[in-house]
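Working notes for the structure below.
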Amino acid sequence: MSSYTVNDTAGATAVRATVASLPLSFRAADPGETAHVHAVAGTPGWTAAALRAVDDGARGIVVVAPCVEDTSALAEAAEAAGTAVVLDLRWESNPGLAGAEEAVRSTAGRAVMLDSLAVSAAGSDPGTVLTEHLAAVVRVTGSLDALRILHLGPHGYTAAARLANAAPATLQGVLSNAVPAGVELHLHSDDGGVSVTVPEPSAAWPAEVRATASQGELLLPTLYETAHRNSWRRLKDHLDAGTLPADLAGFARLTEQLTGPS
Amino acid sequence: MTGNSTGTEILGVGIIGAGPVTQAIHMPTLSRLGDLFAVRHIMDADPSVAESVAARAGARHSSSVEELLADPEVDVVAICSPHRFHAEQVIAACRAGRKAVLCEKPFAMNAAEAAGILVAAKDTGVPVVVGAMHAFDPAWLAAESHWGTLPETAHTIRSTIVLPPNSRFEDAATEVLARPGLTAPDYSDPAAVRSALHGGIMGLAIHDLPLVRRFVPHFEDLEILQARHVRPFGYLVSLRAAGRSIELRAAMGNTWKPAWTFEAFSDDAALRVDFSPSYVQAGSAAATLSTANERRSFGPYGHNGYEGEWRELARLAGGGAPRRGTESLIDDLAFALAIAEPSAEAATAELMGADA
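Encoded structure:
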């Protein structure tokens, strides 16, 4: 296949710009043409919109910044139809997190503390930011134990958890316009640790992953690609291979941690 | 007291306690401030340590606080003894009628001791400086003069300390004599965790709690959200006070890479201060004030807060007005105690809960 056609119901600049940056892989569907891929905005009701796309025969769906919803019906329908559903998450989809995941994995057993800070614009919904933040953190650390929200208010939040080795972990959210939005993650070990900074997906500034050990510090290669484009490339890989991503299952685990079992 | 090249008086210094803090911090700092100070008397419970450290500055030595306070060449007294002796020695130094007193933090370990210091300071008029060096860091002071309404509008404050063992920097600052031995605590014992948390707040977080308090107008409603022990030594504490979220982090291990930051955020402004590590004379912090469209940087300057606190001591000994009254210092201590006690309890409970 030369390229997959896209129906952009999300209507986001990010979708248009991202699809345009992958011209050999995707193109906008012509009027009346049945699109292979549907882009869906992750606003409330997104699971229903994605279900309609599945019913319309979509081979792939990209959900941009999904809010917390019950994804069980969508997951079931997508699997039955063989539809690949990729969630384009604000920070979790940054391509630099693949390297971070590996660096963290090699340190996690020796970790003594995880401290993560997310900054988002003043006035943001703190619950949404926490969901986006947690998605990025568990992407690199794996699931956290005993997650509990200690405080959540108009200026941010604090959540506590434990790493697999029982070391303490804290996620803090700060809502402020004074510094660029993004996520920092610091996994401390006795001899150093791993630090990750994840920028906003609006531009292709790279995440930075630094692994520190007794012999020095290593900056992993920086990847100048937006989280959005990384999501679309990942969908392309699944479509080409005929495989289904585990995004919905992962999102369900994530939201269950925040809201309890549904 | 003798004269210096500019015609002002050189103040004689007496130091109580000659351990690594005196050796690695105050002696090198005072050697940089020869126009203001001369070390005249070193006291330590170990006579050989007192003699050796005093010899570095050509000073007298003794093993008696009373002898040091009776030394007519001692104008200002620095108290660098173990924490439990601080209050009685501050009071004794005030009563001895010295020009000024510098006490390492914390200057008391409970409210009763602090009240005793307040009475002595008021009775004698002797100014007391607590050696919270970051509060005297020139980058912090420069930011302070430009941060506008941030203390009133800040809603989030963070203090993060990542350090190797003290010996790493002590050895880079001096050649330490008679370093105290350390034993690894048994952290399966709740009492050891309790002690570690309390010690972490009163011995490490205490460096920056006066800075935190600048952004917390009152703390009667202080609530500990979580307090957890970080191995081998450190803490992770989340609290709320006066509508602010306050996060305290520390991890001391064997990393070579130190990090010591203080941050405050409001909706529209933020402060970040990156401090140089303890002990070494590594210049000042670097501070940045940010808004959505502007960043202003302050520092690094050539001297750090250790030198800053001694310069302040000289100013006070010369009759300068205190920037902060003793009551404010006591409020700082009350703030630290209000965090330390419940944090120690919470961390112990967390450990026992995790074990259950």
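Heads up: the protein sequence lines correspond to chains A and B, in order.
Our numbering numbers the first residue of the first sequence as 988 and each following residue consecutively.
Our numbering numbers the first residue of the second sequence as 234 and each following residue consecutively.
The beta carbon of each residue, even a glycine, is placed where N, CA and C say it ideally should be.
Anticipated Cβ contact below 8 Å, Leu-1162(A) with Ala-1122(A), distance rounded: Working through the first sequence from its first residue, we reach residue 1162(A) at position 175. Working through the first sequence from its first residue, we reach residue 1122(A) at position 135. About 18 Å separates the two Cβ atoms, so there is no contact after all.
According to DSSP, which residues form a beta bridge with Asp-1075(A)? Stepping through the first sequence from its first residue, residue 1075(A) is reached at position 88. Asp-1075(A) pairs with Val-1051(A).
Residues of chain A with CB closer than 7 Å to the CB of Arg-464(B), please, in chain order. Stepping through the second sequence from its first residue, residue 464(B) is reached at position 231. By Cβ distance, chain A contributes Val-1099.
What does Glu-509(B) pair with, by DSSP beta-bridge criteria? The count along the second sequence starts at 1 and reaches residue 509(B) at position 276. Note on identity: in this sequence residue 509(B) is Ser, with Glu being the wrong assignment. Ser-509(B) pairs with nothing; no bridge assigned.
With the cut-off set at 8 Å, would you say Val-1072(A) and Val-1002(A) are in Cβ contact? Here residue 1072(A) refers to the residue found at position 85 when the first sequence is read from its first residue. Here residue 1002(A) refers to the residue found at position 15 when the first sequence is read from its first residue. No, they are not a contact pair.
Contacts that Gly-1253(A) makes with chain B (C-beta to C-beta distance below 9 Å): One cannot answer for residue 1253(A) here, as it falls past the ends of chain A, which runs 988 to 1249.
In three-state DSSP terms, what is Thr-1230(A)? Numbered from its first residue, the first sequence carries residue 1230(A) at position 243. Coil at Thr-1230(A), not helix or strand.
Span separating the alpha-carbon of Glu-403(B) from that of Leu-1101(A): By one-based count along the second sequence, residue 403(B) stands at place 170. By one-based count along the first sequence, residue 1101(A) stands at place 114. Whole-angstrom Cα-Cα distance: 28 Å.
What runs of the alpha helix (DSSP H), each 4 residues or longer, lie entirely inside the region 1143-1185 of chain A? none
Return no unless some Cβ of chain A is closer than 8 Å to the Cβ of Leu-458(B). Counted from its first residue, the second sequence places residue 458(B) at position 225. It does: the Cβ of Leu-458(B) has a partner Cβ on chain A nearer than 8 Å.
Does the beta carbon of His-1138(A) come closer than 8 Å to any beta carbon on chain B? Sequence index remark: in the first sequence, residue 1138(A) carries index 151 (1-based). Closer than 8 Å to some Cβ of chain B, the Cβ of His-1138(A) qualifies, so yes.
Quick check on the burial criterion: 16 or more other C-beta atoms within 10 angstroms. Buried or exposed for Thr-1230(A)? By 1-based counting over the first sequence, the position of residue 1230(A) is 243. Counting Cβ neighbours within 10 Å, Thr-1230(A) comes out exposed, since fewer than 16 surround it.
Cα-Cα, which of Pro-491(B), Asp-268(B), Gly-541(B) is closest to Arg-507(B)? Position 274 of the second sequence, counted from the start, is the residue given in the question as residue 507(B). Correcting the residue identity first, residue 507(B) is Asp in this sequence and not Arg. Nearest C-alpha to Asp-507(B): Pro-491(B).
When DSSP builds the beta bridges, which residues end up paired with Tyr-991(A)? The residue you call residue 991(A) lines up with position 4 of the first sequence. According to DSSP, which records beta bridges pairwise, Tyr-991(A) is partnered with Phe-1013(A).
For the region 1170-1181 of chain A, which residues have a CB atom closer than 9 Å to at least one CB atom of chain B, in sequence order? His-1173, His-1175, Ser-1176, Asp-1177, Asp-1178, Gly-1179, Gly-1180
Taking Cβ positions only, does Glu-1119(A) come closer than 8 Å to chain B? The residue you call residue 1119(A) lines up with position 132 of the first sequence. Not closer than 8 Å to any Cβ of chain B, the Cβ of Glu-1119(A) fails to qualify, so no.
Decide yes or no for the touch test of the region 1176-1186 of chain A against the region 510-523 of chain B: beta carbon pairs closer than 8 Å, at least 3 of them. no
Local Cβ density within 10 Å of Ala-305(B), reported as buried at 16 or more and exposed below that: For this step, residue 305(B) is matched to residue 72 along the second sequence. The question names Ala, but residue 305(B) is Pro in the sequence shown. Exposed, because fewer than 16 other Cβ atoms sit within 10 Å of the Cβ of Pro-305(B).
Out of Ile-275(B), Ala-372(B), Ala-579(B), Glu-337(B), which one is the CA nearest neighbour of Leu-472(B)? Within the second sequence, the letter at position 239 stands for residue 472(B). The shortest C-alpha separation from Leu-472(B) is found at Ala-579(B).
Contact belief for Ala-1026(A) with Ala-997(A) at Cβ below 8 Å, rounded distance in angstroms: For the purposes of this step, residue 1026(A) is taken as residue 39 along the first sequence, with counting starting at 1. For the purposes of this step, residue 997(A) is taken as residue 10 along the first sequence, with counting starting at 1. Contact flag correct, Cβ pair sits at about 4 Å.
Using a threshold of 8 Å, state whether the C-beta atoms of Ala-1164(A) and Asp-370(B) are closer than that. Against the first sequence, residue 1164(A) aligns to sequence position 177. Against the second sequence, residue 370(B) aligns to sequence position 137. As written in the sequence, residue 1164(A) is Asn, which differs from the Ala given in the question. Taking 8 Å as the Cβ cut-off, Asn-1164(A) and Asp-370(B) do not qualify as a contacting pair.
Residues bridged to His-431(B) [DSSP beta-bridge criterion]: Here residue 431(B) refers to the residue found at position 198 of the second sequence. None; His-431(B) has no bridge partner.
Using three-state DSSP, classify Cys-327(B) as helix, strand or coil. Looking up residue 327(B) in the second sequence gives position 94. Note: Cys-327(B) maps to helix in three-state DSSP.
Which residues in the same chain as Ser-400(B) place their Cβ atom closer than 7 Å to its Cβ, once the five residues preceding and following it in sequence are excluded? The count along the second sequence starts at 1 and reaches residue 400(B) at position 167. Same-chain partners within the cutoff: Arg-412.
At least one CB of chain A closer than 8 Å to the CB of Trp-489(B): is that the case? Counting from 1 along the second sequence, the entry for residue 489(B) is found at position 256. So, interface residue.
Residue range of the unbroken beta strand (DSSP E) whose run includes Ile-248(B): In the second sequence, residue 248(B) corresponds to position 15, counting from 1. Looking at the DSSP string, the run of the beta strand (DSSP E) that includes Ile-248(B) is 242-249.
Per-residue contacts from Arg-447(B) into chain A (C-beta, under 8 Å): What you label residue 447(B) is simply residue 214 of the second sequence in a count that begins at 1. Result: empty, since nearest Cβ-Cβ is about 17 Å, beyond 8 Å.
Return helix, strand or coil for Gln-459(B), following the three-state DSSP convention. For the purposes of this step, residue 459(B) is identified with residue 226 of the second sequence, where counting begins at 1. Looking at Gln-459(B) - three-state DSSP - the assignment turns out to be strand.
Helix, strand or coil at Asp-588(B) [DSSP, three-state]: In the second sequence, the residue the question calls residue 588(B) occupies position 355. Low confidence applies here, because Asp-588(B) scores a pLDDT of 49, under 50, leaving its location unreliable and the question unanswered by this model.
Looking at Leu-410(B): is its Cβ nearer than 8 Å to the Cβ of Val-282(B)? As a position in the second sequence, residue 410(B) is number 177, starting the count at 1. As a position in the second sequence, residue 282(B) is number 49, starting the count at 1. Yes; because the gap between Cβ atoms is below 8 Å, this pair is in contact.
Report the residues of the region 1151-1162 of chain A with a CB closer than 8 Å to any CB of chain C, ordered along the chain. No chain C is part of this structure, whose protein chains are labelled A and B.
Do you know how far the Cα of His-316(B) is from the Cα of Phe-340(B)? On the second sequence, position 107 is the one that residue 340(B) refers to. On the second sequence, position 83 is the one that residue 316(B) refers to. Near 7 Å, if we compare the C-alpha coordinates of His-316(B) and Phe-340(B).
Within 8 Å (strictly less), CB to CB, does Val-395(B) reach chain A? If you number the second sequence from 1, residue 395(B) lands on position 162. For Val-395(B), the answer is yes, since a Cβ of chain A falls inside 8 Å of its Cβ.
Against chain A, with Cβ distances strictly below 8 Å, would Ala-579(B) count as a contact? As a working mapping, residue 579(B) is identified with position 346 in the second sequence. Cβ-Cβ to chain A under 8 Å: no for Ala-579(B).
Use the C-beta contact count for Met-592(B): other C-beta atoms within 10 angstroms, 16 or more gives buried, fewer gives exposed. In this structure chain B extends from 234 to 589, so residue 592(B) is not present and cannot be described.
Mind checking whether Leu-335(B) and Val-362(B) have CB atoms under 8 Å apart? On the second sequence, position 102 is the one that residue 335(B) refers to. On the second sequence, position 129 is the one that residue 362(B) refers to. Closer than 8 Å, so yes.
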